[in-house]
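Participant: Sequential numbering from 1131 applies to the sequence shown in our numbering. Quick reminder that beta carbons are idealized off the backbone N, C-alpha and C, glycines included. Please read all numbers here as calculations on a predicted model, not as lab measurements. Got a structure for you, questions after.
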Amino acid sequence: MIDGKAVAAKLRATVAVRVASLRFTPGLAVILVGDDPASAVYVRSKDRAAKEAGIAARTIRMPADTPEVLLLAEIARLNADPDTDGILVQLPLPPHIDAVAVIEAIDPAKDVDGFHPLNVGALASGRPALVPCTPAGVMKLLHHAGVQLSGARALVLGRSSIVGRPMALLLLAADATVTIAHSRTRDLAGECRRAEVLIAATGRPEMVRGDWIGEGATVIDVGIDRLPDGRLVGDVAYAECAERAGAITPVPGGVGPMTIACLLENTVEAAVRRRGG
Ligand code: GUN
């Protein structure tokens, strides 16, 4: 089992040491629009983790019916604020707000989620700048588990802009042979079975079954889904898959904590780039 909680705790401690060594305090602004309960939980965790690392974090809560122009005005204010190094707008946004316009409004140098087209383009052309936190966290877990990526057959299940696509680009940058599979892929099970490294990011609870896993494969589960009975599960049927996998991440306690730790790292990175070490 790959213990994401432990790896994340180490990374957070490293970030805290780096923050303490700076001449200034990095600032992170997290914007939450509306009251989606899952988003509220994530935002609280991000805020708390940032403060624990010595980052000046603040959460800006805006009502669900906030007009898009007001959100854009808040972003413009934060872009101009010298004390704010990182800006994160929690997704999803209410349906009346154009998420693409909002992301494009963030100063790319403060885009600690790595979602701005300039940062996406940098990653796609192999010159990564600020990299999306979840795929960055997965790469650190693979490194920690000692997985040899160069030449390995890696399969990314899911093609979202937040996880699947950037994940594939990071694996490619690490010299893996990368396949992106998705809902239209023929023979999903067969594609998965051939993979030496499998990253599941479908958002479908326990979709990946035990017989989809090649013997000894490394399995990273990015999903977090709540079943009707209240159980928290990933995109991977853990018990079945653990029998065949060489290494596997649990849910919770796998990728989730790494996402937050990488956000802290991105914030410090953005701060140092803007202000100098
Ligand atoms: N919603 C789900 N994941 C993320 C993320 O990584 N960043 C933001 N801003 N919103 C999210």
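Going by DSSP in three states, R1323 sits in which element: helix, strand or coil?
Facilitator: Helix at R1323.
Participant: Is the closest heavy atom of ligand 1 to the C-beta of L1218 under 8 Å?
Facilitator: At least one heavy atom of ligand 1 is nearer than 8 Å to the Cβ of L1218, so yes.
Participant: Could you please give the first and the last residue of the uninterrupted beta strand (DSSP E) stretch that includes D1351?
Facilitator: Here the beta strand (DSSP E) through D1351 covers 1348–1351.
Participant: DSSP state of L1285, grouped into three classes?
Facilitator: Here L1285 sits in strand by DSSP.
Participant: I think V1327 touches L1272, with their Cβ atoms under 8 Å apart; what is that distance to the nearest whole Å?
Facilitator: 7 Å between Cβ atoms; contact.
Participant: Which first and last residues belong to the alpha helix (DSSP H) in which M1297 is found?
Facilitator: Element bounds for M1297: 1294–1303.
Participant: Cα separation between D1133 and V1199?
Facilitator: Cα-Cα distance, rounded: 42 Å.
Participant: In this structure, does DSSP put M1337 in helix, strand or coil?
Facilitator: Of the three classes helix, strand and coil, the one that applies to M1337 here is coil, per DSSP.
Participant: Scan the stretch 1160–1217 and note each continuous alpha helix (DSSP H) run of 4 residues or more that stays entirely inside, going in chain order.
Facilitator: Correct list: 1167–1182, 1198–1210.
Participant: L1328 bridges to which residues according to DSSP?
Facilitator: Partner(s): L1285, V1349.
Participant: Measuring CB to CB, does A1347 end up less than 9 Å from R1314?
Facilitator: Their beta carbons are not under 9 Å apart, which means A1347 does not touch R1314 by this criterion.
Participant: Which residue from A1239, P1258, A1304 puts its Cα closest to that of R1403?
Facilitator: Selected option, being the one with the closest Cα: A1239.
Participant: Within its chain, find whatever has a CB closer than 6 Å to the CB of G1294; leave out the 5 residues flanking it on each side and keep chain order.
Facilitator: V1286, G1288, A1331, listed in sequence order.
Participant: Do you know how far the Cα of N1249 is from the Cα of L1202?
Facilitator: About 19 Å.
Participant: On the CB-based measure, 16 or more other CB atoms within 10 Å of its CB, does M1131 come out buried or exposed?
Facilitator: The residue in question, M1131, is exposed, as its Cβ has fewer than 16 Cβ neighbours within 10 Å.
Participant: Mind checking whether the beta-carbon of T1332 lies closer than 8 Å to any heavy atom of ligand 1?
Facilitator: Incorrect: T1332 has no Cβ contact closer than 8 Å to ligand 1.
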